[in-house]
Amino acid sequence: MPKLDITQSFVDTVKVESEASSTDFYDKKLVGLLLKVLPSGRKTFYLRYKDTENCSCQRKIGNAVILNITEARDLARLYLAKISLGQDPFLHAPISPSPTLGSFALEDYLPYVKTYKKSWNMDESRLRNHLLPRFRNRRMSDIKKRDVVALINELAENFKPGTINRVTILLRYMFNLAMKWEIKGVTRNPTAGIPLLKENNQNERFLSALDAKALLRAINYSRNKMLKHIIPMLILTGARKREVLDAKWEDFDLDRGIWRIPNTKSGKARVVPLSDTARNLIEKLSANQCCDYVFANPNTRKPYASFYYSWHTARKDAGLADLRVHDLRHSFASFLVNAGRSLYEVQTLLGHSQITTTQRYAHLSTDSLRRASNEVSVAVPELT
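The letter at position 114 of the sequence shown is residue 696 when you use the working numbering, and the numbering goes up by one with no holes.
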């Protein structure tokens with residue numbers, strides 16, 4: 583969002599790159615005034631402000647072909663003065679009805695994020711499970727801040743802060759896009775000013791050997807027959823859930839014992855060396871290939887969007903109700919560290935781009951470090 587002292591010369595000559603959807607130029611002289619420039623050359627003045635509910639709003643002032651910068655500033659000052667007095671200068675302006683959240687989500691938002699976002703299916707899941715049940719038929723212009731707060735309070739009864747924050751962030755992004763795309767009737771974001779909940783990201787769970795055995799027993803009784811393959815693969819490789827679910831047969835070279843993950847969180851491909859057990863798991867599955875995906879849903883022959891319910895049942899049956907799928911990745915790291923493997927080896931196997939990310943497991947290596955320090959006593963027995 584470039585900020586500058588907008589001049590009439592700038593308004594007359596500014597252009598944006600053809601691949602950009604639009605660019606907003608914010609005026610330094612008058613806070614809230616902006617010039618939106620489209621690749622087509624269309625230029626429009628807008629005013630951004632907070633309404634009486636402290637929601638962020640954006641309303642059109644006028645076409646830059648008709649208004650010059652001085653006139654736009656004068657109108658913006660007039661509107662801001664009325665807003666400061668608690669009035670709505672746009673109250674009687676004709677407002678086109680906005681789309682419902684459901685129609686915007688399904689017809690505009692999801693088709694857009696599918697073009698670039700690898701985790702779009704997570705957005706789809708959050709929409710289906712949390713946002714659409716409440717807001718599907720509500721016009722976006724009718725969704726208020728109090729509605730968002732009510733949703734957060736309702737979710738807090740059954741979900742952790744991290745889950746609730748992901749839902750809030752999704753809703754915020756959707757409204758920001760609707761305003762950026764100039765969707766009719768969407769002039770404010772009801773999530774503005776609503777803080778995210780505090781998350782305790784250090785509350786990580788690590789499987790013990792006994793925990794792992796209990797979990798493996800439970801998944802063998804799961805109605806989801808693929809779960810008994812997915813969970814061991816996660817534990818044996820430390821891969822992320824989406825990496826396993828999206829794995830294709832073509833990604834594996836069993837002769838060399840490697841798995842190439844083409845799309846990782848960092849955006850770079852990485853190669854995972856397979857243990858003998860992991861390789862045997864893939865070899866057994868290869869006897870019953872039904873599609874391109876190794877861990878496909880047998881009903882759809884596509885990757886699972888989620889296996890939450892079968893996972894939730896299995897972890898409860900194993901007495902591990904607080905265990906998250908991502909904790910299996912942490913457990914892979916803890917098994918390595920406690921076996922005396924270096925943090926560098928753990929970093930490489932997990933695919934961390936920064937060693938600082940792997941250092942979260944350093945506290946687990948106390949016993950191996952103690953064994954290492956004892957080597958000094960062995961080398962210099964006179965110290966004992």
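Think of the CB as a built atom: it goes at the ideal place given N, C-alpha and C, for glycine as much as any other residue. Only a predicted model underlies this, so the values are computations on that prediction, with no experimental measurement involved.
For Pro693, the enclosing alpha helix (DSSP H) has its first and last residue at Leu692 to Val695. Nearest Cα to Ile864 within the set Phe889, Pro880, Leu918 and Met815: Met815.
Going by DSSP, Phe757 is part of the alpha helix (DSSP H) stretching over Pro743 to Lys762.
Assignment of Asp670 by DSSP, reduced to helix, strand and coil, places it in the coil class. Of the residues Lys850, Ala791 and Arg838, the one whose Cα lies closest to the Cα of Phe917 is Ala791. A distance of 8 angstroms or more separates the beta carbons of Lys625 and Ser604.
With contacts defined as CB atoms closer than 8 angstroms, Val768 and Met722 qualify as a contacting pair. Here the region 656-670 makes no contact with the region 678-688; the two share fewer than three CB pairs at distances below 8 angstroms. Between the region 908-925 and the region 817-824 there are three or more C-beta pairs closer than 8 angstroms, enough to call the two in contact. In summary, Ala738 is exposed, with fewer than 16 beta-carbon neighbours lying within 10 Å of its beta-carbon over all protein chains present.
The C-alpha of Tyr698 lies about 15 angstroms from the C-alpha of Tyr755.
Comparing alpha carbon positions, the residue from Leu931, Ala903, Asp828 and Asn879 closest to Arg787 is Ala903. Distance between Leu809 and Tyr875, taken at the CA atoms: about 14 angstroms. Ala796 is the residue among Thr589, Arg838 and Ala796 whose C-alpha sits nearest the C-alpha of Arg897. A distance below 7 angstroms between beta-carbons, with the five flanking residues on each side excluded, links Pro855 to the following residues of its chain, in chain order: Gly839 and Ile840. Under DSSP, the beta-bridge partners assigned to Leu629 are Leu615 and Arg641.
Closest in alpha carbon position to Gly623, among Ser804, Leu867 and Lys597, is Lys597. Following the DSSP letters along the chain, one finds Val919 inside the alpha helix (DSSP H) bounded by residues Asp909 to Asn920.
For Ile864, the enclosing alpha helix (DSSP H) has its first and last residue at Asp858 to Ser868. Contact annotation, Phe757 with Asn771: C-beta distance approximately 4 angstroms; criterion of less than 8 angstroms satisfied.
In this structure, the CA atom of Leu616 is about 13 angstroms from the CA atom of Glu653. Cβ contact annotation for Asp587 (same chain, cutoff 7 angstroms, sequence separation greater than five): Lys610 and Lys611, in chain order. Following the DSSP letters along the chain, one finds Ile843 inside the beta strand (DSSP E) bounded by residues Ile840 to Ile843.
Between Leu709 and Asn747, the C-beta gap is not smaller than 8 angstroms, which leaves the two residues out of contact. Within the model, the alpha-carbon separation for Leu673 versus Lys642 is close to 13 angstroms. According to DSSP, Lys884 shares a beta bridge with Asn879. DSSP, reduced to helix, strand and coil, places Asn806 outside both helices and strands of the structure shown, so it counts as coil. If you compare the alpha carbons of Glu764, Gly775 and Ala794 with that of Leu818, the shortest gap goes to Ala794.
Between Arg861 and Leu836 a beta carbon distance of about 6 angstroms is seen, short of the 8 angstroms cut, so the two are scored as contacting.
Annotation for Arg822: no alpha helix (DSSP H) segment contains it, and DSSP assigns it neither H nor E. Under the three-state reduction of DSSP output, Tyr608 falls in the strand class. With fewer than 16 other Cβ atoms inside 10 Å of its own Cβ, Tyr694 counts as exposed. Around the C-beta of Pro681, 16 or more other C-beta atoms lie within 10 Å, and the residue is accordingly described as buried. Ranked by Cα distance from Asn645, the first of Asp633, Phe627 and Leu662 is Phe627. In this structure, the beta-carbon distance from Leu932 to Ala915 falls below 8 angstroms.
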